[in-house]
Amino acid sequence: MAETRTQSAAEPQAAGRRKIVVGEVVSSRMHKTIVVQVVRKKAHPFYGRVVSKAKKFYAHDEKNVARVGDVVRLEETRPLSKLKRWRLKEVVRQAALLPEATLPEVS
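Take the sequence shown: its position 30, counting from 1, is numbered 48 in our numbering, and each next residue is one higher.
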């Protein structure tokens, strides 16, 4: 007899789900590419102290809308280049615009 296998609760349901991360843009100098720093906070298993771990992700920004300081949401995607495996899904919060730098007057 052939056994039919049913999906148990321990097995992942949707294998096609893409990971989503939220982080701050630290660089947008490259064309259609941004660098996003994602900070994860976790309690140390023994000491209980909250430890911050930061990781940088290269992401594809098709319309060049993200600027340094913006908080953005990234979605995992197929490899787009040697380093890019994420794409910009949305800008969650825009960075405050800095006032124009005032240059000293030259006589």
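C-beta atoms are modelled at their ideal positions from N, C-alpha and C, and glycine is treated no differently.
Legend entry - Nearest candidate by alpha-carbon position, reference Val40, set Ala114, Val83 and Ala77: Ala77
Legend entry - Per DSSP, cross-strand counterpart(s) of Gln55: Glu42 and Lys74
Inset, instruction - Let me know the secondary structure DSSP gives Leu92 once reduced to three states. - result: strand
Inset, instruction - For Val57, I'd like the list of residues in its chain whose CB is within less than 6 angstroms of its CB, leaving aside the five on either flank, ordered along the chain. - result: Ser70 and Ala72
Inset, instruction - Just the C-alpha distance for Leu92 and Arg35, rounded to the nearest angstrom, thanks. - result: 13 angstroms
Inset, instruction - Could you spell out the range, first to last residue, of the beta strand (DSSP E) harbouring Lys107? - result: Trp104 to Arg111
Legend entry - Nonlocal neighbours in the same chain, by C-beta distance under 7 angstroms from Val109, ignoring five residues either side: Val83, Ala84, Asp88 and Val90
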